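Single-structure report; data block below.
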Amino acid sequence: MTSPVNQAAMKLLDAKKIVLAAHVNPDGDTLGSIVALALALKKLGKEVMPLSAHGVPDIYTWMPGMEMVHTETSDTDFDLAVMCDAGALNRVGSSVLATLLSAPFLIHIDHHVTGEKIGNIRVLDQKSASTAELVWKVLVAMENISGKKLLGKEIALNLMTGIITDTGSFRYLNVTPSTFITAAKLQKLGAIPAPIGELVFENRSEGAVRLLGRALKKMEISENRLVAWSALSADDFKEFDATDADTEGIVSHVRAVNGVQVGLLFREIAGKPVRVSLRAREGNDVNRIANVFGGGGHYLASGCTMDTDLPTAVKLVVAETIRQVKPPH
Ligand code: 5GP
Ligand code: MN
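One rule links them: number in the numbering used here = place in the sequence shown (from 1) + 19.
In structure tokens form, the structure reads like this:
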């Protein structure tokens, strides 16, 4: 039996017009994955349409090829669809989902593994730190099968950004020897990690930095000192002219308090349901907490959406987190 990686590579090489989808609230991994694939497919003379329902946040616009990304399309004549890093079909947004499902064949490339079987070919590996590393494997297979050189600096920059965003610059527990091996190959192609880390993590608007200050000022800690949380209101966002993308990374500061095992960040975005980010230290599983509220993600990093007002969301998720949290051993 051919491996899913080779099956995906062959299918991509055969296709003519391909739509590629990222998840909503896109990060460097989902965007880097779809655009790396799009760049390679374009090189092969194929028509590509990378879609991100929420567009490209400012911190990722420098990535090569991001100008190809659209929020939606009216085209329905794709012969292949690819979904990267989304976990579940409903995480690409409704218009993008309709386009994905209009194609006769779907490839799902992901390191979120939920048990839900999506698409016709699945390149899934929960142990992979990023989806970008799985895309790397598919691209290498495409080179081997086609005999054409596809990998270069532009693709490497996209994939390295995926790895850097999903590993917090190689600091998280998801990093494996294989992460470093792939990263080493990407650096050899010209993707140097340090400037990418700086562009992604230290390239914030003044409002985003001030919003971090507000979140830290509002932080609360449970009586047992195991859970810390902060809730940003629509007024906070308005005051600093900030968007949800500006909250990236804030939850890690909340979890950084010594002794705290789970950090939560609630965001009330005007006109949208409340979003929650959950982050754990090793030994706690925030995916299980997010599942209670219809969300998901990974063991140490998950998210969910709440159809309540901000104070109710805080009350419900904090109570569930305190119920589930385990002290370190
Ligand atoms: P974040 O807190 O950065 O939004 O998300 C952390 C992780 O949880 C990411 O891997 C993301 O894909 C996943 N995630 C966030 N929100 C949701 C959600 O509503 N549903 C599911 N299934 N996963 C989510
Ligand atoms: Mn990812």
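Quick reminder that beta carbons are idealized off the backbone N, C-alpha and C, glycines included. In this text, all values refer to a predicted model and were calculated from it rather than measured experimentally.
Asked, Found
"Cβ shell of Ile-240 (< 6 angstroms), same chain only, five flanking positions each side left out", "Ala-247"
"His-130: CB within 7 angstroms of a non-hydrogen atom of ligand 2", "yes"
"Lys-2 - partner residues in DSSP beta bridges", "The displayed coordinates of the chain run from 20 to 348. Any statement about residue 2 would go beyond what the structure contains."
"Closer than 7 angstroms: Thr-150 CB and nearest ligand 2 heavy atom", "yes"
"Any non-hydrogen atom of ligand 1 within 7 angstroms of Asn-139 CB", "no"
"DSSP-derived helix/strand/coil call for His-317", "coil"
"Member of Gln-280, Leu-251, Gly-268, Val-273 whose CA lies at the smallest distance from the CA of Val-293", "Leu-251"
"Among Cys-323, Leu-119, Ser-52, the one whose alpha carbon lies nearest that of Thr-184", "Ser-52"
"Thr-201 beta carbon near ligand 2 (any heavy atom closer than 7 angstroms)", "no"
"Residues of its chain near Phe-312, where Cβ-Cβ distance is below 7 angstroms and the 5 sequence neighbours each way are ignored", "Cys-323, Met-325, Val-336"
"Val-88 and Val-43 closer than 8 angstroms at C-beta", "no"
"According to DSSP, residues forming a beta bridge with Arg-294", "Arg-286, Thr-324"
"Span of the beta strand (DSSP E) around Val-142", "140 to 143"
"Residues near Pro-212 by beta carbon distance below 8 angstroms, same chain, minus five either side", "Met-179, Ile-183, Ser-188, Phe-189, Ala-202, Gln-206"
"Bounding residues of the alpha helix (DSSP H) (the contiguous stretch that carries His-130)", "Segment: none, His-130 is in no alpha helix (DSSP H) and carries neither H nor E."
"Environment of His-348 [buried if 16+ CB atoms lie within 10 Å]", "exposed"
"Residues of its chain near Asn-25, where Cβ-Cβ distance is below 8 angstroms and the 5 sequence neighbours each way are ignored", "Ala-160, Ile-164"
"Whole alpha helix (DSSP H) elements within the region 194 to 281, 4-residue minimum", "196 to 207, 212 to 220, 225 to 236, 253 to 258, 269 to 274"
"Cβ shell of Ala-121 (< 7 angstroms), same chain only, five flanking positions each side left out", "Residue 121 is actually Ser in this sequence, not Ala. Around Ser-121: Thr-95, Phe-97."
"Beta-carbon separation (whole angstroms), Asp-129 vs Asp-48, contact threshold 8 angstroms", "Between Asp-48 and Asp-129 the Cβ distance is about 10 angstroms, and since that is not below 8 angstroms, they are no contact."
"Candidates Val-281, Ala-107, Ile-137, Arg-298, of which the one nearest Pro-346 by Cα", "Val-281"
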